[in-house]
Amino acid sequence: MAQAVSPNNTTAANRRRSRTKFTEDQLKILINAFNQKPYPSYATKQRLALEINTEESRIQIWFQNRRARHRFQKRSEPEEHLESSQDEDHPEEKIQSRGDRRCRTSYTSSQLHTLIEAFMNNPYPGIDSRQQLAIEIGVPESRIQIWFQNRRSRCHVQRKREPDEALEQRQDQGKISEVRVQGIETTQNGTDLTSDSYSSGARTRW
DNA sequence: GCGTAATCTAATCAACA
DNA sequence: TGTTGATTAGATTACGC
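At position 157 of the first sequence (counting the first as 1) the number is 157 in UniProt numbering, and the numbers step up by one without a gap.
Below is the structure:
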């Protein structure tokens, strides 16, 4: 998978968060919680965060990685070695956790303006930039990270769709031949994730 | 070098205007 | 109903021992 930040290009602006080192006691609590519920609700994650004195976002990442490791083990290990209680697919937990999500963050137009400006400047901000933005607009850093993820993702989708849409438009207008889509493709083909064009066709809220 | 936290994309769910 | 924040799986990167 393509990564935006090359290993040798680490600057203050794209530096990763330093690794969290969980203590034995913290891990005991986390593992115990995981064994009970691999898909904890937001309230549970918050409670755990409080209990082991860390951020809720770290709990979320820990559970994500833990589930991934479990799935991996499940695939690679012979079936008789599996611990039955923990290796179910846990569909009921998944369903339940959907009912207790974090409240949707609602950004003001000025917050969005700041985010978009930052995105145009750098679509892959490191921990320092994200924290700075978080302070600036008064939103947790984890929400900034999610916002950038969604924004990048939707930019990719939009860019994939644009040539098709241009074609459809031409067909709708009954304009035959000579109209070139090339221009659109070439200008969008670079690394310009920063374009706000992905929302330009639709209604914008900012 | 290994274990694993952090990060990424893509798909999907779901709140809200 | 479309937009977009939240969550997930799965893959990958890279930190810290």
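No residue lacks a Cβ here, since even glycine has one placed at the ideal position from N, Cα and C.
Contact check, residue i vs residue j, beta carbons under 7 Å
{"i": "residue 151", "j": "residue 119", "result": "yes"}
{"i": "residue 108", "j": "residue 143", "result": "no"}
{"i": "residue 129", "j": "residue 13", "result": "yes"}
{"i": "residue 60", "j": "residue 45", "result": "yes"}
{"i": "residue 42", "j": "residue 101", "result": "yes"}
{"i": "residue 58", "j": "residue 20", "result": "yes"}
{"i": "residue 137", "j": "residue 111", "result": "yes"}
{"i": "residue 131", "j": "residue 117", "result": "no"}
Opening and closing residue of the alpha helix (DSSP H) in which residue i lies
{"i": "residue 41", "result": "Counting along the chain, residue 41 falls outside any alpha helix (DSSP H), and DSSP gives it neither H nor E."}
{"i": "residue 13", "result": "That residue, residue 13, is in no alpha helix (DSSP H); it is neither H nor E in DSSP."}
{"i": "residue 114", "result": "109 to 121"}
{"i": "residue 136", "result": "127 to 137"}
{"i": "residue 21", "result": "From DSSP, residue 21 is part of no alpha helix (DSSP H); its letter is neither H nor E."}
{"i": "residue 56", "result": "56 to 76"}
Cβ-based neighbour list, residue i, same chain, cut-off 8 Å, excluding 5 preceding and 5 following
{"i": "residue 29", "result": "48, 51, 52"}
{"i": "residue 11", "result": "126"}
{"i": "residue 33", "result": "40, 44, 48"}
Candidates the options: closest to residue i by CA position
{"i": "residue 18", "options": "158, 126, 133", "result": "126"}
{"i": "residue 70", "options": "114, 35, 147", "result": "35"}
{"i": "residue 156", "options": "131, 133, 123", "result": "123"}
{"i": "residue 139", "options": "73, 103, 37", "result": "103"}
Same chain, Cβ closer than 7 Å to residue i, neighbours up to 5 away in sequence not counted
{"i": "residue 75", "result": "none"}
{"i": "residue 62", "result": "30"}
{"i": "residue 147", "result": "115"}
{"i": "residue 145", "result": "130"}
{"i": "residue 15", "result": "126, 127, 128"}
{"i": "residue 64", "result": "none"}
Heavy atom of the ligand NAD within 6 Å of residue i beta-carbon
{"i": "residue 31", "result": "In the structure on display, the ligand NAD does not appear, and there are no ligands present to speak of."}
Neighbourhood of residue i by C-beta, 6 Å cutoff - its chain only, sequence neighbours within 5 removed
{"i": "residue 97", "result": "Any reading at residue 97 must be qualified, since the residue scores a pLDDT of 47, below 50, and its modelled position is unreliable; no value is offered."}
{"i": "residue 72", "result": "none"}
{"i": "residue 56", "result": "45, 46, 49"}
{"i": "residue 133", "result": "118, 144"}
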